Amino acid sequence: MGEILFGGTAALLICIFLSPKFIEFLRKREFGQQIREDGPQGHHQKAGTPTMGGVIIFIAVAVPFLILTDYKWTSVGVFGAAIACALLGFADDYTKLVKRRSLGLRARTKLGVTIAISLGLWFIATHEAHLPPTLWLRFVDYHIDLGPFYPVVIYLVVAGTTSGVNLTDGLDGLAAGCAAIVLLAYVGITFIAGDFDLAMLAGCLVGACIGFLWFNAFPATIFMGDTGSLGLGGAIAGLAVMTKTEVLLILLGGIFVVEALSVVIQVISFQTTRKRVFLMAPIHHHFELKAWSETKIILRFWIVASICGAIGFTIYRQSRGV
Numbered sequence: 002m003g004e005i006l007f008g009g010t011a012a013l014l015i016c017i018f019l020s021p022k023f024i025e026f027l028r029k030r031e032f033g034q035q036i037r038e039d040g041p042q043g044h045h046q047k048a049g050t051p052t053m054g055g056v057i058i059f060i061a062v063a064v065p066f067l068i069l070t071d072y073k074w075t076s077v078g079v080f081g082a083a084i085a086c087a088l089l090g091f092a093d094d095y096t097k098l099v100k101r102r103s104l105g106l107r108a109r110t111k112l113g114v115t116i117a118i119s120l121g122l123w124f125i126a127t128h129e130a131h132l133p134p135t136l137w138l139r140f141v142d143y144h145i146d147l148g149p150f151y152p153v154v155i156y157l158v159v160a161g162t163t164s165g166v167n168l169t170d171g172l173d174g175l176a177a178g179c180a181a182i183v184l185l186a187y188v189g190i191t192f193i194a195g196d197f198d199l200a201m202l203a204g205c206l207v208g209a210c211i212g213f214l215w216f217n218a219f220p221a222t223i224f225m226g227d228t229g230s231l232g233l234g235g236a237i238a239g240l241a242v243m244t245k246t247e248v249l250l251i252l253l254g255g256i257f258v259v260e261a262l263s264v265v266i267q268v269i270s271f272q273t274t275r276k277r278v279f280l281m282a283p284i285h286h287h288f289e290l291k292a293w294s295e296t297k298i299i300l301r302f303w304i305v306a307s308i309c310g311a312i313g314f315t316i317y318r319q320s321r322g323v
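Structural data, given as structure tokens:
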């Protein structure tokens, strides 16, 4: 428990102390956020806000983790997946900044890299950590052996989670706060599972998210960018794989699922009926256009994320007989 608290506190303090210098560095080089032309009008005033804050998040995570870790394959796999996804996000952010547009890497490039990350996570989970290629339906305590199809499920978990966190990252502090809540649930899950090295990594991730929120909360002085959203999504996906909570993640990360589903529903509805279900997707933009204040949306989404995390954690505890 001491290492979990120490790692989380260290990550939080590193994030708080390094962020001001990093924000100043980004401003001098005019590394600012590019805003979508079709986004809410109120967001255009955020153009130019320093982005790529995910760099600070993962520096803050890496320093205490690499010092304190026992280098167990479960934690190494999660850390590797998170860093790989963060690097993909960094390349996407950098492309946007260089080309001065809101679109970054090509979709096929992101797809190829995400598949490679998923295969790497699958190899470490099954061949090094020796986890079975099964899905655990904890609601009914039933296992499904997927055999050769397990890598496909891991890809869906990685792609779905990174996309969900990325779509949620549209309001100041929304994604960082929701990610911290989900990761806090994973601190408890990994602790109950007895994987204290993985719990320490989850604690570092929570600390870094909270430290980042000091500057990312409304009104934000820095955005995490794809570096942060894809990296945090990769970390959460890795934790789900290593704790055999791939299905339970649908509930634990319920707010990310809702955000992603709102986009899917909007696209399908518009393509089939030429009508929109929401005023704008992802769904947090819908509430913006309904004249909800940004802080009201953020706080209510955090409450929903907390409820989902608490219910998911309770189900996990019951499935372990704790």
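For what it's worth, the working numbering labels the leading residue of the sequence shown as 2, then goes sequentially.
Built from N, CA and C at the ideal position, the CB exists for glycine as well.
Bear in mind the structure is a predicted one, so any value in this text is a computation, not a measurement.
* Asked: With 16 other CB atoms within 10 Å as the buried threshold, where does Thr228 fall?
  -> buried
* Do Ala311 and Ala186 have their C-beta atoms within less than 9 Å of each other? -> yes
* Asked: Should Val99 go down as buried or exposed, given a rule of 16 or more other Cβ atoms within 10 Å for buried?
  -> exposed
* Are the segment 114-124 and the segment 261-272 touching by the rule of at least three beta carbon pairs closer than 8 Å? -> no
* Asked: Per DSSP, His144 is paired with what?
  -> Trp137
* For Pro51, which of helix, strand or coil comes out of DSSP? -> strand
* To do: Would you mind working out which of Val77, Phe150, Ala221 sits nearest Thr52, comparing C-alpha positions?
  => Ala221
* To do: Within 10 angstroms of the Cβ of Leu175, are there 16 or more other Cβ atoms? Answer buried if so, exposed if not.
  => buried
* **9 Å Cβ cutoff met for Ala82 and Gly322** => no
* For Pro283, which of helix, strand or coil comes out of DSSP? -> coil
* Asked: Taking C-beta to C-beta, are Leu19 and Ile60 nearer than 9 Å?
  -> yes
* For Thr75 versus Met201, is the C-beta distance shorter than 9 Å? -> no
* **DSSP-derived helix/strand/coil call for Ala218** => coil
* To do: Say whether chain C places a C-beta atom closer than 9 Å to the C-beta of Val278.
  => Protein chain content of the structure displayed is limited to a single chain, and chain C is not contained in it.
* Asked: Does DSSP put Asp93 in a helix, in a strand, or in coil?
  -> helix
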